[in-house]
Amino acid sequence: MNLSKKLLSGSAIQLSNLLLEILIGFLLVPFLITNLTPEKYGLWILVMSMVSFLGLLTLGLSSAVQRYLSVEISSGNVNEYKQTISSSLFVFILTGILCVLISIGLGLSAQSFVENNELSQEFRILILLMGCNVAVKFIATPFRAALTAEFKFILVSGTDILVLLIKSLLTIYFVLNEFGVIAVGLAILIGEASGNILLAIITKLSLKDFIFSIRDIKKSKVVTLFKYSVNSFIASIGDMFRFPIDNIIISTHIGLSAVTIYSIPVRLLSYASAFILQTLGVLQPLFAKLHAEGNLDNIRSKFQLSNYLSFGIGSLLASGLIIFGADFITLWIDNYDETQVLTWILPLTLLCGVAQQPSVMLLYALGAHRYYAFLNIIEAICNVIISLALVSKFGVIGVAIGTLIPMFITKVLILPRYVCKQVNIENKAYYLIMLKSFTFCLCFTVIALGIKPNTSNWLELLPLTLIYAFVYVVCFILIVVKEANRNLLINYLKAGIGK
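So for the sequence shown, my numbering puts the first residue at 4; every next one is plus one.
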């Protein structure tokens, strides 16, 4: 199978996995809110938000492992490859142990986050279960990275699907039998542990050079990985201070029920973001491979094409959420006062942040992500300051605005200039694609809002959404994408399917 076909099949497999996750989430969220109560569901979201910060313990090592394995495979350096595997796995095991210890500490401080005695006790148990869950994910990271570096996306996605099914079925069983919110955490842990054990077995069977050996644990390799990952770590701090910190701010200033309200449009946003990331997720190992080969011209070509894809998908999803988001949430769960405004503000983060993913992936592949890392930190600090300033007066809407403003400044006005410099692309060329995409999205959204009929059930909403998506994609390709890039995309697809 040629590289183009691997990339396209990888994207298709990952998207199929995501669609299944969205479908299950669509069914589970209202089920959990109804059966757990909005307050306890808010507790669950709060715990998950806090646990996400444990990801910082790896100091960004995940991206370093992914990058170096891709480079070492391309160069055929088996010894370095084995050292990366053994050294990173050793570090991840130690980090997993630390993760569990910190979870215990967070549980002991439960009263600082949840005043209710019953809820604080459930908080303690949940935070420990989810801490163990994160530890399991840490240990599985080298296995996942090795398979991805070899473009074996079907094995990774197949395991992810199994994990998703186990977690979902156990969650439904536990909740129906009234085991409560703690059982939901147990279901997640069981599913994650069993799936990652299978992932480790699959990796060992499919990759002959994947060997863990004490002798291959090298201090020099650990230092090399961390030199790269320190900037990834700084960048990940910014990511953590986006929606996870929003939930903590809302919980402490408004209440757990408000966390539930805010989490509903954020969940739709996360699905849209994941769709973009899964579609373009194959780019980072591809850029790393091309960089190792010194193929800068091919990097520029793939980068420009990926920008059209990213802005096209991002603007489509942002526009769709603005137009149909409130109606969707009303039919899906319930009608909340803040829903309409949130579905106008939050989707803009897709345009400002997520649609810039090819740039971010390119910087990581080139090892030039230090600037992005510090830019992300600045965005995170501004996010917290603005959200805290606005939450008392504007509630969850103020928190959403606090997230959007710094993201627009850093991701739209500043980051592209640095990325273009790295690959010798004119700023004007990049911003022209962005401006055309944003303008098209704005015009299309305004027109659609003006002519959109009222919808009162799923049979009216879903066909309308599909028609809108089809028309948007066709018009975007014809109006925004240059003819040369349209032909390049068609040839790329033909090569991928073997025509």
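Here a beta-carbon is modelled for each residue, glycine too, at the ideal position from N, C-alpha and C.
Does the stretch 285 to 300 come into contact with the stretch 329 to 337, if we say contact requires no fewer than three beta-carbon pairs (one atom in each stretch) closer than 8 Å? no
Would you kindly report the start and end of the unbroken alpha helix (DSSP H) that includes residue 468? 461 to 482
Looking only at its chain, what residues have a beta carbon closer than 6 Å to the beta carbon of residue 500, apart from the 5 residues adjacent to it on each side? For residue 500, the predicted structure reports a pLDDT of 43, less than 50, and the residue's modelled location is therefore unreliable. A value from the coordinates is still provided. If we look at residue 500 and ignore the five residues flanking it on each side, it has no Cβ neighbours.
Take residue 59 and list the residues in its own chain whose beta-carbon comes closer than 8 Å to its own, dropping the five residues that flank it on each side. 236, 239, 240, 243
What residues in its chain sit with their C-beta under 7 Å from that of residue 362, if we drop five residues either side in the sequence? 418, 419, 422
What separation, rounded to the nearest whole angstrom, lies between the Cα atoms of residue 435 and residue 303? 16 Å
Three-state class that DSSP yields for residue 413 in the structure shown: helix
So is residue 401 buried or exposed if we call it buried at 16+ other beta carbons inside 10 Å? buried
Considering only their Cβ atoms, is the gap separating residue 67 from residue 99 smaller than 8 Å? no
N- and C-terminal bounds of the alpha helix (DSSP H) containing residue 75: 64 to 78
Assigned exposure category for residue 268 - 16 Cβ within 10 Å defines buried: buried
Residue 387 - containing alpha helix (DSSP H), residue span: 373 to 397
Which value, in whole angstroms, describes the spacing of the CA atoms of residue 94 and residue 253? 34 Å
For the alpha helix (DSSP H) holding residue 341, just list the boundary residues, first then last. That residue, residue 341, is in no alpha helix (DSSP H); it is neither H nor E in DSSP.
What's the gap between the Cα of residue 170 and the Cα of residue 193? 7 Å
Since I believe residue 271 is in contact with residue 328 (beta carbons under 8 Å), could you give me their beta-carbon distance rounded to a whole number of angstroms? 6 Å
Of all the options 383, 216, 157, 342, which has the alpha carbon lying nearest to the alpha carbon of residue 398? 342
Measuring only the C-alpha atoms, how far is residue 443 from residue 175? 42 Å
Integer Cβ distance of residue 148 from residue 72, believed to fall under 8 Å: 6 Å
For a quick check, are the C-beta atoms of residue 202 and residue 146 less than 8 Å apart? yes
Do you know offhand how far residue 357's Cα is from residue 323's? 15 Å
Which of helix, strand or coil does DSSP assign to residue 180? coil
Hey, how far is the Cα of residue 454 from the Cα of residue 351? 21 Å
Kindly indicate which three-state DSSP category residue 161 falls into: helix, strand or coil? helix
Rounded separation between residue 429 and residue 25 - CA only: 38 Å
Following the continuous alpha helix (DSSP H) through residue 107, name the residue where it begins and the one where it ends. 81 to 111
Have a look at residue 164 and residue 156 and give me their C-alpha separation to the nearest angstrom. 12 Å
At what residues does the alpha helix (DSSP H) containing residue 146 begin and finish? 120 to 152
Endpoints, the alpha helix (DSSP H) within which residue 430 is located: 430 to 454
Reference residue 55, options 424, 141, 22, closest by Cα: 141
Taking the alpha helix (DSSP H) that residue 425 falls in, what are its first and last residues? 418 to 425
Run the CB neighbour count on residue 414, radius 10 Å, all protein chains shown included, and call it buried at 16 or more, exposed below. buried
With a Cβ-Cβ cutoff of 8 Å, do residue 205 and residue 85 count as a contact? no
Is it buried or exposed, residue 83, if we count other Cβ atoms within 10 angstroms and call 16 or more buried? buried
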